[in-house]
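Before any comments, here is the structure.
There are 2 protein chains.
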Amino acid sequence: MSLAVTGALYQGERVGLRADNGLIAELGPDVSPQPGDYLIDGAGTILVPPLINGHTHAAMTLFRGYGDDLPLMRWLEEKVWPIERKLEPADVYWGTRLACLEMIRSGTVRFWDMYWHAPAAARAVGDAGMRATVAAPLIDVDGRSEQMREAALRTLDELSDAPDRIDAGLAPHAIYTVSEASLRWIAEVAAERGFPVQIHLSETEQEVIDCVAAHGERPALYLDRVGLLSPRTVLAHGVWLDDDELELIAERGAVVVTNPVANLKLAVGAVFPYPRARAAGVQVGLGTDGPGSNNSLDLFADMKALALIQKHTANDAAAIGAAETWEIATGRRAPLLGAADGLEVGQPADFLLLRAGAPELSFGELPAALVYAASGAVVHSTVVAGRVLMRDGEIEGAGEVLARALERARGLGLAPPLASAYADELA
Amino acid sequence: MSLAVTGALYQGERVGLRADNGLIAELGPDVSPQPGDYLIDGAGTILVPPLINGHTHAAMTLFRGYGDDLPLMRWLEEKVWPIERKLEPADVYWGTRLACLEMIRSGTVRFWDMYWHAPAAARAVGDAGMRATVAAPLIDVDGRSEQMREAALRTLDELSDAPDRIDAGLAPHAIYTVSEASLRWIAEVAAERGFPVQIHLSETEQEVIDCVAAHGERPALYLDRVGLLSPRTVLAHGVWLDDDELELIAERGAVVVTNPVANLKLAVGAVFPYPRARAAGVQVGLGTDGPGSNNSLDLFADMKALALIQKHTANDAAAIGAAETWEIATGRRAPLLGAADGLEVGQPADFLLLRAGAPELSFGELPAALVYAASGAVVHSTVVAGRVLMRDGEIEGAGEVLARALERARGLGLAPPLASAYADELA
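Residue numbers (this note's numbering), protein chains in the order written: chain A, 5 to 431; chain B, 5 to 431.
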C-alpha cells in the first residue's frame, strides 16, 4: 500500500510526501504521486510530526465525568474501583476504541496504556490502526501475588499475538499497591524478556511519606533498589520527586511522563518539577492520564497546560518555551516512548496534516501557534504507518464505535442521561 | 425575523424553541415551527446558554504568537506597544472580525473589549452579529491628559451610533498608566452618563508595591478613593487582591473578571484568590484576555484552566465544581457582564446548540462534560438575538474575514511565514 500527499507546507516550503510499506519513501519539493498511490491533496495543510500520549488508561473513556471534583483516593475508592470490578474485556475493547477515536481526531498516533484486560485493549488499538505500548497491570495489595503473576504472564503471552504496531509491557500500578517481592519479580521478568515497565510514581505527597515510613527511602530510590529504575522504565507523574531522585532517574535513563491536567484536577498538591528535571537531564514525555481524571484525550490541551503551569510555578514566563513543549509532546525528549526519529525517508510514515486556514495557525509562528493557540480541532488528517486513519476530520466507523461504547457504559450502570436520551440517534 | 429549533435536548428532555424579534417566544416539549420560521433541526444537539468573555482585547488576534514566552512588561514594551503605534482603524476592524469568528465558533456571544480605535471594533461586532461592551481606552502617563480625555469623549460619541447589541464604556488601562486626576474625571463621566468602566487591576505584584508606594494604599482602595469602584465597574485580573480589597469590592458591587490562562502564561506570580472572593461575595466572571497573551479565544479552554488552577492552588479537588465554573463562564455570577437571565420566554434569544454525538458530551453529565472534557469544537450552532451566526460549524463570510485580517497583519509587518505561504489559497 502506498500513499502520496501533495502540496503540504513543511518547514516553510511546499512539499510532497510518499509512503510505501508503512515508511516514508520520499519527502521534498519535487515529490510526485506514483500510479496506485492513495492520494491526499495537501493544499491548505501543514505537515507536522504526530503526538505521543505517554500515559493513559484509555478504556476509562467509559467513566468520563463519573465522580468529578473528588480527590484522588476518594475518586478511586468510591467510584472507579467498584465499577472496575465489573469490567469485561468487551468493555475495555469498546472503551479503548472510543479513546482511539478521540486520539486520532486530535493528532495522537501512539500511546502508553495501563489498564485491565490488556489483550482487549491491544485488539482495539490494532483495529483502530494506532500504535501503543499496552501493559499487563499488576496489583497485589490483597496478597494474591501468585495469581496476579500468573495472570500477568498470561497477558504477556496473549499480547505477543498483537500486530507490530503494538508493544507489550508490564505495569505494576504503584509502589503502594504492589508488594516489594512482586516488584522484584517484575524487574526480573522485564529484564529477562526485554519488556518496558510503566508505573505510577510520586503522584501524591502521601505516597512519599508512606514510602519513607515503610522502606526508609523516597520512591525513586526504593524503585531503584528493587531493580525497576532502568532505561526501559516509564514513570507516570513524578510530582513529588526531589533533586536526588531526579539525578538518579536521569542516570538510570528512565523516563518521566508528566500529566499536568490530571495532577491539577485531582489537586495532588504540587507540579512536576520540570526545570529541575531538565537540569538533571531526565527524559520527559507528556500524558493525558485517563479520560476519567482529565477528562479529555486532546493532547493539545495538555501541551498548553504543561507550558502554563510550568511558567506559573517557576514564576517565569520563559521557564519553558513553545518549541520545547512541542518536542516533549511529540516524544522527542524520550526515545523510549517510541516516536519516529523524524519526518525523514526511511522512518515510519506517521504524520499529521493540520488546517493551515484555522485562525489559530494562520497567525503567529509554529510551534507557538500549536502550543498556545490550537486545539485538536486543527488536525485535518492523521496517518499511521502510511495508512490514513482520519481524512478531513472523518474517521471511518466512528458512529459504530460511539454507539457500542455507549452500550457498554450503560451495561456497567454508568448510563448518563444524555447518552440514554440520544441512544436511538447515536446507534 | 423568526426562528424555530426542533428536537434539541434541554435539561434531559426534547424541546423546541421559537425566537421572534430577537427574543425567546416559546420553549418547551410541544413547540412547533410556524410558517415563515427559519428552521434548525436540533436532533442530535444539546441546547445550552452561551458563553460571555468578560475581558479581551479582540483585535490583538493580529498579534497572536508575537513575542510569546516573554514576561508581561517586556512583551508590552518590546513587542506590543511599538506595533500598536502603527495601528489603523481598519486593522482593529479586521482583527476584531477575526476574533468574533473565533468566539462565535467556540460559543461566546458577548465580550467586553478594551482596545484602541473602539468605534472600528464596534463596527466589527455589529457586522459579526455579536454583542459587546466596547470601551474607549485611556492612557495618560505621557502627560497628554487633555488630548486623551477629548479623544475618549469623541469615542463615546461615535459609539453612540452602534447597534443595540453594543454598549459603550470607558476603559482606563490601569492605575499605573492613568493619572489620578484622569481617573477621577473618568469616574465623574461614567457616573453622570451611566457608562460602565473596565480597568486592569492588581495583575502583577509590582503594581501593588508601586501603588502602595505612590498612594499609601493597595489598588482596590485607591480605586475606591478616586470614585471608580462601583456596581458598574469591571476589574480585570485581581490576582493580588487581599481580603480587605475583596470585601470592599463585594460591598461596592464591582465585578472581577479572572483570566487564568493569560495570568499563567505571563507568569504574574499568583492566581486570582477565587475561594476568598467567593466567601467575600464578589461577583466573578471569566475572560480570555487578549489573543496576544493567551493565545486562544476558546473560552472552553479558559473554563477548564479556571477550575484546574483553583483546585491546584487550594490543594483541594473540590475547591470549585463544574456547575459553578459553568455559571461563571456563562456570566451568571456577575449580571453586569450582560448575560440574559436564562433560557426563558421573553429573554434574548441567545443560545448554543452543541454536538450531542461528540464523545466529550456523550459520556458523563453536563456541566462536567462541558468544563472538563469539551473544547469549543463541540459547538454546532451559535445564535444571537434570534439570528444564526454559525450553523453546523459554518460561519458565513469566514474566508473573507481571514483573508482580510491576514492582509492587515502583513501591513503591520507581522506577516508570519505561514500566512504568507498560504496567502493565495486563503484569499
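Quick reminder that beta carbons are idealized off the backbone N, C-alpha and C, glycines included.
Cα-Cα, which of B:13, B:22, B:16 and B:11 is closest to residue 348 of chain B?
Among B:13, B:22, B:16 and B:11, the Cα nearest to that of residue 348 of chain B is on B:22.
Do you know offhand how far residue 120 of chain A's Cα is from residue 57 of chain A's?
The C-alpha of residue 120 of chain A lies about 18 Å from the C-alpha of residue 57 of chain A.
What three-state label does DSSP hand residue 42 of chain A in the structure shown?
When DSSP states are grouped into helix, strand and coil, residue 42 of chain A belongs to the strand group.
Quick check on this structure: which residue in A:276, A:272 and A:253 has the alpha carbon closest to the alpha carbon of residue 287 of chain A?
A:253
For residue 57 of chain A, write down the residues that DSSP places opposite it in a beta bridge.
A:115
Put residue 73 of chain B into one of helix, strand or coil per three-state DSSP.
In the structure shown, residue 73 of chain B sits in coil (DSSP, three-state: anything other than H, G, I, E or B).
Enumerate in chain order the residues of its own chain whose CB-to-CB distance from residue 115 of chain B is below 6 Å, with the five nearest sequence positions on each side excluded.
57, 60 and 136
Of the listed residues B:172, B:46 and B:239, nearest to residue 203 of chain B (C-alpha basis)
B:239
Verify the CB distance criterion: does residue 161 of chain B have a CB-CB separation below 7 Å to chain A?
Closer than 7 Å: no.
6 Å Cβ shell around residue 96 of chain B - same chain, five flanking residues per side excluded:
For residue 96 of chain B, where only same-chain residues beyond five positions count, the Cβ hits under 6 Å are 63, 121, 124 and 125.
8 Å contact criterion, which residue 197 of chain A and residue 230 of chain A should meet: CB distance rounded:
Not really, about 17 Å apart at Cβ, beyond 8 Å.
Keeping to the same chain, check which residues put their C-beta closer than 8 Å to that of residue 365 of chain A; ignore five residues upstream and five downstream.
50, 358, 359, 373, 374, 377, 378 and 382
Out of A:33, A:301, A:291 and A:8, which one is the CA nearest neighbour of residue 40 of chain A?
Nearest Cα to residue 40 of chain A within the set A:33, A:301, A:291 and A:8: A:8.
Measure how close the beta-carbons of residue 216 of chain B and residue 243 of chain B come, nearest whole angstrom, since I'm counting them as under 8 Å.
In this structure residue 216 of chain B does not touch residue 243 of chain B by the C-beta definition: roughly 16 Å separates them, more than the 8 Å allowed.
Please compile the residues from chain A whose C-beta is within a distance smaller than 8 Å of the C-beta of residue 269 of chain B.
311, 312, 315, 321 and 376
Among A:353, A:160, A:214 and A:406, which residue has its Cα nearest to the Cα of residue 385 of chain A?
A:353
For residue 6 of chain B, name the three-state secondary structure that DSSP assigns.
Three-state result, residue 6 of chain B: strand.
Beta-carbon separation of residue 414 of chain A and residue 368 of chain B under 7 Å?
no
What residue from B:356, B:190, B:66 and B:326 has the CA that sits closest to residue 12 of chain B's CA?
That would be B:356, whose Cα lies nearest to the Cα of residue 12 of chain B.
Reference residue 237 of chain B, options B:224, B:100 and B:333, closest by Cα
B:224
Quick one: which chain B residues come within Cβ less than 9 Å of residue 367 of chain A?
65, 66, 67, 68, 69, 70, 102, 295, 299, 409, 410, 413, 418, 420, 422 and 423
Check the C-beta distance from residue 312 of chain A over to residue 265 of chain B and give it rounded, since I have them as a contact under 8 Å.
6 Å
Give the interface partners of residue 45 of chain B over in chain A, defined as CB-CB distance under 9 Å, in chain order.
The contacting residues do not exist; residue 45 of chain B stays about 11 Å from chain A at best.
Where does residue 319 of chain A land, buried or exposed, given buried means 16+ other C-beta within 10 angstroms?
exposed
Residue ranges of each beta strand (DSSP E) run of no fewer than 3 residues wholly in the region 80–154 of chain A, ordered along the chain?
Along the length of the region 80–154 of chain A, whole beta strand (DSSP E) runs at least 3 residues long occupy 112–118 and 135–142, reported in chain order.
Report, in whole angstroms, the separation of the C-beta atoms of residue 270 of chain B and residue 321 of chain A, which I expect to be a contact under 8 Å.
5 Å
At a Cβ threshold of 7 Å, is residue 431 of chain B touching chain A?
Residue placement at residue 431 of chain B is flagged as unreliable, the pLDDT there being 46, under the threshold of 50; a coordinate-derived value is accordingly withheld.
Contact under 7 Å by Cβ, residue 105 of chain A with residue 402 of chain A
yes
Could you check whether the Cβ of residue 325 of chain A sits closer than 7 Å to any Cβ belonging to chain B?
So, interface residue.
Counting only Cβ-Cβ distances shorter than 9 Å, please list the residues of the region 7–34 of chain B near chain A, keeping chain order.
13, 16, 17 and 18
Under 7 Å from the C-beta of residue 4 of chain A: neighbouring residues of chain B:
Because chain A here runs from 5 to 431, residue 4 of chain A falls outside it and cannot be looked at.
With a 10 Å radius around its C-beta and 16 neighbouring C-beta atoms as the bar for buried, classify residue 207 of chain B as buried or exposed.
buried
Determine the burial state of residue 213 of chain B: buried for a count of at least 16 other Cβ atoms within 10 Å of its Cβ, exposed for fewer.
exposed
Close Cβ partners of residue 42 of chain B (< 6 Å) along its chain, the five nearest in sequence each way excluded
7
Select from the region 241–255 of chain B all residues with a C-beta closer than 8 Å to any C-beta belonging to chain A, and list them in chain order.
none
Alpha carbon of residue 169 of chain B to alpha carbon of residue 363 of chain B, nearest angstrom
34 Å
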